[in-house]
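Q:
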Amino acid sequence: VKQGENDYYFTTSTGRAGQTVEWLRYHTRYDGWDFAMVNLTDSLGVINLSGPNARKVLEKIVDIDLSNEAFGFSEYKEFKLQETVPVRAMRLGFVGELSYELHVPASYMKSVWFMLKEAGKEFKIQNFGVEAQNVLRMEKCHIILGSESEQRTNLLDVGLGFLWDRNKADAKTVGAVALRQAENDPARFKLVGFKMENKGRAPRDGALVVDEKVRGYICTARDSFSLNEAVGMALVEAELSKIGTRLEIYEDECGDDRIYGVVVAMPFYDPAGKRMKM
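Numbering of the sequence shown is given in my numbering, commencing with residue 24 and proceeding in unit increments.
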């Protein structure tokens, strides 16, 4: 989030917080930037308030306008909960629904949790954990670094090429030279979405995509309750990335048996993104 001309606030997953800090420090030292950074990871907590009634719940404990016009999708605001707890709020849609990511001081986390539970009683608010979140974000094909990416992948491989500003000089963009070299490399893996032919049988994460030889692997796959079928994402050779391609999947515990999926368009759920922008 850009908070000023040279002032940014940004987040990463908990598991990659330390690695991200070191990456930034490395590049700022290497390039000689005039740069200062404060790591707030241990001082802040985050709660993701999601679902079609998320706005109605949050409206009960804030005194600001939360309408789409006042606080639109992908926007950022700072305000207080019940005129007391300071919060940095991002309106994101990682799980594919109307969502507010609430960043609050760690010492207030328990209080905020109970505030939201009380405010959401009339809407039958429920807790949801990391595995439920993983299935929901997978239905939207929102990637997690380290799950749908690895040391060899880049922005182009996972469908995030739009984040690369091609008009900026290569010297001003970390990795631009490597991206240009990889852009026309037909041997690179590509991230694809797939649905299983057997709707009730999701392959294991890490299962191999084969065709006489290894042609890729399954990044994430789950049984989707929203779609009533097994879906997932895989990194495969570019030749297999076309819509409609049949994927042969090998799992070691299945011996010589194979299971099959078909490459389909991503995302699987709410392709127009209407639910998270409602």
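Glycine residues also receive a C-beta, built at the ideal position from the N, C-alpha and C atoms. In this text the structure is predicted, and so the values were computed from the model without any measurement.
(1) Buried or exposed: where does T107 fall if 16 or more other Cβ atoms within 10 Å of its Cβ makes it buried?
(2) The ligand NAD heavy atoms versus the CB of G143: any closer than 7 Å?
(3) Run through DSSP, which three-state label would Q26 get?
(4) If you follow the beta strand (DSSP E) that S172 is in, where does it begin and where does it stop?
(5) For M256, does the three-state DSSP call read helix, strand or coil?
(6) Could you say if the region 85-98 and the region 43-54 meet the contact criterion of at least three C-beta pairs nearer than 8 Å?
(7) Give the C-beta separation of P128 and L67 to the nearest angstrom, bearing in mind that I take them to be a contact with Cβ-Cβ under 8 Å.
(8) I think F291 touches V254, with their Cβ atoms under 8 Å apart; what is that distance to the nearest whole Å?
(9) Can you find at least 3 beta carbon pairs, one from the region 98-112 and one from the region 125-144, that sit closer than 8 Å?
(10) How would you call Y240, buried or exposed, if buried means at least 16 neighbouring beta carbons within 10 angstroms?
(11) Let me check one thing: in DSSP terms, what residues is A201 bridge-paired to?
(12) Can you name the start and end residues of the beta strand (DSSP E) that N71 belongs to?
(13) Going by the beta-carbon positions, is the gap between V285 and E220 smaller than 8 Å?
(14) Which residue wins for smallest C-alpha separation from D293, given the options F58, E82, V118 and L81?
(15) Measuring CA to CA, which of Q149, A225, K83 and Q105 is closest to Y131?
(16) Can you round the beta-carbon distance between V158 and R245 to whole angstroms, since I take them to be within the 8 Å contact cut?
(17) In three-state terms, what does DSSP make of H165?
(18) From S247 to M138, what does the alpha carbon distance come to, in whole angstroms?
(19) Just how far apart, CA to CA, sit I282 and G296?
(20) May I ask which residues mark the beginning and end of the alpha helix (DSSP H) holding K213?
(21) Could you tell me which of L263, D280 and A142 sits nearest to V85, measuring between CA atoms?
(22) Between A155 and M161, what straight-line distance do the alpha-carbon atoms span, to the nearest angstrom?
(23) Alpha carbon to alpha carbon, how far is Q174 from L231? Give it in angstroms, no decimals.
(24) Give the single residue among N207, N76, M301 and T64 whose Cα lies nearest to the Cα of T35.
(25) What first and last residue would you give for the beta strand (DSSP E) that runs through L270?
(26) Since V181 and L214 are thought to touch, with beta carbons under 8 Å apart, how far apart are those beta carbons, to the nearest angstrom?
(27) Beta-carbon separation of K222 and N251 under 8 Å?
(28) By DSSP, does L121 sit in helix, in strand, or in coil?
(29) Along the alpha helix (DSSP H) that carries K101, what are the first and last residues, could you check?
A: Based on what the coordinates show:
(1) T107 is exposed by the Cβ-count criterion.
(2) By its list of ligands, the structure shown contains no ligand whatsoever, and the ligand NAD lies outside what it can speak to.
(3) Under the three-state reduction of DSSP output, Q26 falls in the strand class.
(4) Careful: S172 lies outside any beta strand (DSSP E) and carries neither H nor E.
(5) Looking at M256 - three-state DSSP - the assignment turns out to be strand.
(6) Short answer: they don't touch.
(7) In this structure P128 is in contact with L67, their Cβ atoms being roughly 6 Å apart against a cut-off of 8 Å.
(8) 5 Å between Cβ atoms; contact.
(9) Touching, per the Cβ criterion.
(10) Label assigned to Y240: buried.
(11) Under DSSP, no beta-bridge partner is assigned to A201.
(12) For N71, the uninterrupted beta strand (DSSP E) run begins and ends at L67 to S73, by DSSP.
(13) Yes, these two residues count as a Cβ contact at 8 Å.
(14) Ranking F58, E82, V118 and L81 by Cα distance to D293 puts V118 first.
(15) It is Q105 whose Cα lies nearest to the Cα of Y131.
(16) About 5 Å separates the CB atoms of V158 and R245; that is less than 8 Å, so the two are in contact.
(17) Three-state result, H165: coil.
(18) Taking the straight line from one Cα to the other gives about 31 Å.
(19) In this structure, the CA atom of I282 is about 31 Å from the CA atom of G296.
(20) Counting along the chain, K213 falls outside any alpha helix (DSSP H), though it belongs to the beta strand (DSSP E) covering F212 to M219.
(21) With distances taken between Cα atoms, V85 lies closest to A142.
(22) Straight-line measurement puts the Cα of M161 at about 10 Å from the Cα of A155.
(23) Computed Cα separation, rounded: 18 Å.
(24) Among N207, N76, M301 and T64, the Cα nearest to that of T35 is on T64.
(25) It spans R269 to Y273 - the beta strand (DSSP E) in which L270 sits, taken as one unbroken run.
(26) That pair is a contact at about 4 Å.
(27) It is a contact, given that the beta carbons lie within the stated cut-off.
(28) The three-state secondary structure of L121, taken from DSSP, is coil.
(29) The question names Lys, but residue 101 in the sequence shown is Glu. Taken as a continuous stretch (DSSP letters only), E101 belongs to no alpha helix (DSSP H), being part of the beta strand (DSSP E) at Y99 to L104.
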